[in-house]
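Novice: Position 124, counted from 1, in the sequence shown is what the numbering used here calls 369; the numbers after and before it change by one each time, with no gaps.
Just so you know, even glycine gets a beta-carbon here, dropped at the ideal spot from N, CA and C.
I'd like to ask some things about the structure below.
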Amino acid sequence: MPMTDPISDMLTRVRNGQMARQKQVRAPYSQLKFAIAKIMEKEGYVQKVEVVEAVNPLFQDLMLTLKYNESQPQIRELKRISKPGRRVYAKATELPRVFSDIGIAIISTPNGVMTNKEARKRRLGGEVLCEIF
246 MPMTDPISDM LTRVRNGQMA RQKQVRAPYS QLKFAIAKIM EKEGYVQKVE
296 VVEAVNPLFQ DLMLTLKYNE SQPQIRELKR ISKPGRRVYA KATELPRVFS
346 DIGIAIISTP NGVMTNKEAR KRRLGGEVLC EIF
């Protein structure tokens, strides 16, 4: 059965992996999920992101090495905003500020996937994919 929201699936795998104190989690590869994972790595929420071969050699997986701070997960909250049933778009001036700019929102813009802070600097709006704190 096909998955209706692969981004939510990846975020849920990360959330569940951190709750279970796992060192790494795997998710099926896509360019969008890879871009989201790279932003999480750049912002310090995930230690490392790798593309690895899946069980089936025709496919690839993302391997995310989770990050902990004194045995506490680095990510306190990971929330999907725009969903297949209800897409959420925002102009550059309306981009969300996550926990007074302590957290980040990941935005899909015409110039690629980026954080809300970077999109605000470039004056770009787009689809609000998720929030991380």
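Mind checking whether Pro341 and Glu286 have CB atoms under 8 angstroms apart?
Specialist: Here residue 341 corresponds to residue number 96 of the sequence shown, with the count starting at 1. Here residue 286 corresponds to residue number 41 of the sequence shown, with the count starting at 1. No, the pair does not count as a contact, with Cβ atoms beyond the cut-off.
Novice: Could you give the distance in angstroms between the alpha-carbon of Ile320 and the alpha-carbon of Leu303?
Specialist: Translated into the one-based positions of the sequence shown, residue 320 becomes position 75. Translated into the one-based positions of the sequence shown, residue 303 becomes position 58. Rounded to whole angstroms, Ile320 to Leu303 spans 32 angstroms at the Cα level.
Novice: Evaluate Thr360 with the Cβ neighbour count: other Cβ atoms within 10 Å of its Cβ, from every protein chain shown; 16 or more gives buried, anything less gives exposed.
Specialist: On the sequence shown, position 115 is the one that residue 360 refers to. Flag for Thr360 reads buried.
Novice: Going by beta carbon distance, what residues of the same chain come within less than 6 angstroms of Arg271, once the five residues before and after it are set aside?
Specialist: Here residue 271 is taken as the residue at index 26 of the sequence shown, counted from 1. Answer for Arg271: Asp306, Met308, listed in chain order.
Novice: If Ser353 sits next to Glu372, beta carbons under 8 angstroms apart, how far is it from one beta carbon to the other, in whole angstroms?
Specialist: Looking up residue 353 in the sequence shown gives position 108. Looking up residue 372 in the sequence shown gives position 127. Right, the Cβ-Cβ distance comes to about 4 angstroms (below 8 angstroms), so this counts as a contact.
Novice: Leaving out the 5 sequence neighbours to the left and right, which residues in its chain are closer than 8 angstroms to Val333 when beta-carbon positions are compared?
Specialist: On the sequence shown, position 88 is the one that residue 333 refers to. Correct list, in chain order: Ile326, Ser327, Glu372, Val373.
Novice: Check whether the Cβ atoms of Thr249 and Pro329 sit closer than 8 angstroms, and answer yes or no.
Specialist: Here residue 249 corresponds to residue number 4 of the sequence shown, with the count starting at 1. Here residue 329 corresponds to residue number 84 of the sequence shown, with the count starting at 1. Yes; because the gap between Cβ atoms is below 8 angstroms, this pair is in contact.
Novice: With DSSP run on the structure shown, which of helix, strand or coil describes Pro329?
Specialist: Mapped onto the sequence shown, residue 329 falls at position 84. Looking at Pro329 - three-state DSSP - the assignment turns out to be coil, as it is neither helix nor strand.
Novice: Under the DSSP definition of a beta bridge, which residues are partnered with Thr354?
Specialist: Position 109 of the sequence shown, counted from the first residue, corresponds to residue 354. Looking at the DSSP assignment, Thr354 forms a beta bridge with Gly357.
Novice: How many angstroms separate the CA atom of Met264 from the CA atom of Ile281?
Specialist: The residue you call residue 264 lines up with position 19 of the sequence shown. The residue you call residue 281 lines up with position 36 of the sequence shown. Straight-line Cα distance between these residues: approximately 20 angstroms.
Novice: Check whether the Cβ of Ala337 sits closer than 7 angstroms to any heavy atom of the ligand COA, and report yes or no.
Specialist: The model depicted lacks the ligand COA and carries no ligand whatsoever.
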